[in-house]
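Worksheet for the structure shown next.
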Amino acid sequence: MEKDRTRDKGIQVIKEFYCSICTDTYPIDRWVSCGCDHRFCADCMTGHLTTKINESQLEGVACPGYRCSRPAPHHLVKKLDPDNTIYEGYVTLSLKTWIRDAPDVHNVGSTKLN
Ligand SMILES: [Zn+2]
Ligand SMILES: [Zn+2]
């Protein structure tokens, strides 16, 4: 009897993962990640990404893991946001940041004008 219980517990652990944001455990098929080793529940990841997108912090639209800055892939944001409410903001923010951080685009333009 004792042996069987231990075995069941082992299987249980494999089928669950721990979300370090809400410190809760979820079935293994509920986790999401930015492609790194950090796994979070969809609710926490959505909340984190929504906050960063609303704050216009593209750098923060990334894995909330400790010392991890793996950018959140577009398909992840899209998957977490079936209504496209934050995904649209994310695409706009990406474009704005890309234009801001791409001085070459402006330089090429002025070179041509001169
Ligand atoms: Zn969570
Ligand atoms: Zn990470």
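full-length UniProt numbering applies: residue 1 is where the sequence shown begins, and numbers increase by one.
Glycine residues also receive a C-beta, built at the ideal position from the N, C-alpha and C atoms.
| C-alpha gap between D29 and A102, whole angstroms | Numbered from its first residue, the sequence shown carries residue 29 at position 29. Numbered from its first residue, the sequence shown carries residue 102 at position 102. Approximately 39 Å, taken between the alpha carbons.
| query | Which term fits C41, buried or exposed, when burial requires 16 or more other beta carbons within 10 angstroms of its beta carbon? | reply | On the sequence shown, residue 41 is found 41 positions in, with the first residue counted as 1. With 16 or more other Cβ atoms from the protein chains shown falling within 10 Å of its own Cβ, C41 counts as buried.
| Rounded C-beta distance between P64 and H74? I'm assuming under 8 Å. | Sequence index remark: in the sequence shown, residue 64 carries index 64 (1-based). Sequence index remark: in the sequence shown, residue 74 carries index 74 (1-based). The beta-carbon distance between P64 and H74, rounded to whole angstroms, is 17 Å. This is too long to meet the 8 Å contact definition.
| said: Quick check: does the Cβ of H75 come within less than 6 Å of any heavy atom belonging to ligand 2? | reply: Numbered from 1 along the sequence shown, position 75 holds the residue referred to as residue 75. Checking the Cβ of H75 against ligand 2 gives no.
| task | Tell me, please, which residues DSSP counts as bridged to W31. | result | Position 31 of the sequence shown, counted from the start, is the residue given in the question as residue 31. Residue pairing of W31 in beta bridges, as defined by DSSP: C41.
| Rounded to whole angstroms, how far is the Cβ of I53 from the Cβ of L95, which I believe are closer than 8 Å? | Taking the first residue of the sequence shown as 1, we reach residue 53 at position 53. Taking the first residue of the sequence shown as 1, we reach residue 95 at position 95. Contact doesn't hold; Cβ gap of about 13 Å is too wide.
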